[in-house]
Amino acid sequence: MESVSKIYFIDNPYPDGHTIENFSWSGRIDEYGFIWFDFHLKTEKYYANDNENNEEEDEDLSDWDSKIVWRNYHACTLSSNYWGEQRGIRINNLDEKLDFDAVVQNDLFSNDLPSEHQSDDDDLAFNIYLLGHDSCAGHQIRFSKKENHRYDIIWTGKIALTYAGDHEFSHDFKAEIVNAEFEGFHYPKTWSLEKATEMFKARLAGFEAYEFVDLNPKSNKREYKLDKLK
């Protein structure tokens, strides 16, 4: 794995991939007690390291193969929470406490690749802006633990260029994120700190290894997340 986080859109015109400028990995508990992982990434401009002149490109190239098309859309955002929807990958069952360390020892799967008989973007774990607002599914996320609560992450999945009217998940991506840190668990803003404490104690194994962290100490409004003790 490279020392810089990158995402590769397999067989697109940029085989060296695209540097990831922003990446975040967080968790949240919803009002029903389900716990989710959220992931968000944004790339640099597709053409950031491309000095070639592509004005005379073959007109028969597909959108995926055309540098001109990629340049028109500038950069990628792939996220479960950037556009406000509560998506992501659920990581717990209500009948047992969640063991964070056990979760990250195994691959995560979104299990949302549409079938022949069922296709609904509302069921997808992530949204993507790639060549317009496209679709992605079939995610697999693998963690490799490092020192100081850091992880390397391999994230793969399938892409359909739905903005251009293509609903087949015929393209692939692979993201390699280095030295990522889990940013803690959020909870519904309608909950008091006491209710959040009660819910996390009931749902999270090893609760004593966590602490509530003020998201904005300078604000008069208190808002917290639950994070691992460092």
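Just so you know, the sequence shown maps onto residues 1 to 230 in the UniProt record's numbering.
Glycine included, every Cβ here is placed at the ideal spot set by N, Cα and C.
In this structure, DSSP gives Asp30 a state outside helix and strand, which the three-state scheme calls coil. With a beta-carbon spacing of about 19 Å, Phe34 and Ser79 fall beyond the 8 Å limit used to define contacts. With a contact defined as Cβ atoms closer than 8 Å, Ser135 and Asp121 qualify at about 6 Å. Counting every other CB atom within 10 Å of its CB across the protein chains shown gives Pro13 a total of 16 or more, marking it as buried. Relative to the Cα of His18, the nearest Cα in the group Leu215, Glu56 and Trp70 belongs to Trp70. If you draw a straight line from the Cα of Asn179 to the Cα of Phe39, it is about 14 Å long.
Contact check for Ile153 and Ile141: beta-carbon distance about 6 Å, within the 8 Å limit, so the pair qualifies. Contact annotation: Tyr73 and Gly165 have beta-carbon atoms that are not nearer than 8 Å.
Inside the stretch 42-114, DSSP marks whole beta strand (DSSP E) runs of 3 or more residues at positions 77-79, from first to last along the chain. Beta-bridge annotation (DSSP): Ser135 is paired with Asn127 and Ala160. Checking the DSSP bridge columns, you'll see Thr19 partnered with Lys6.
In this structure, Arg203 is the residue among His171, Arg203, Phe173 and Glu168 with its C-alpha nearest to the C-alpha of Phe185. Ranking Ile29, Ile68 and Ala196 by CA distance to the CA of Leu94 puts Ile29 first. Shortest Cα-Cα distance from Ile177 to any of Ser144, Trp83 and Ser62 involves Ser144.
A buried status is given to Lys67, since no fewer than 16 other beta-carbon atoms sit within 10 Å of its beta-carbon.
Distance from the CA atom of Tyr46 to the CA atom of Cys76, rounded to whole angstroms, is 8 Å.
One Cα belongs to Pro188, the other to Phe100, and the distance between them is close to 20 Å.
About 7 Å separates the CB atoms of Tyr8 and Phe173; that is less than 8 Å, so the two are in contact.
Counting along the chain, the unbroken alpha helix (DSSP H) around Glu198 starts and ends at Leu193 to Arg203.
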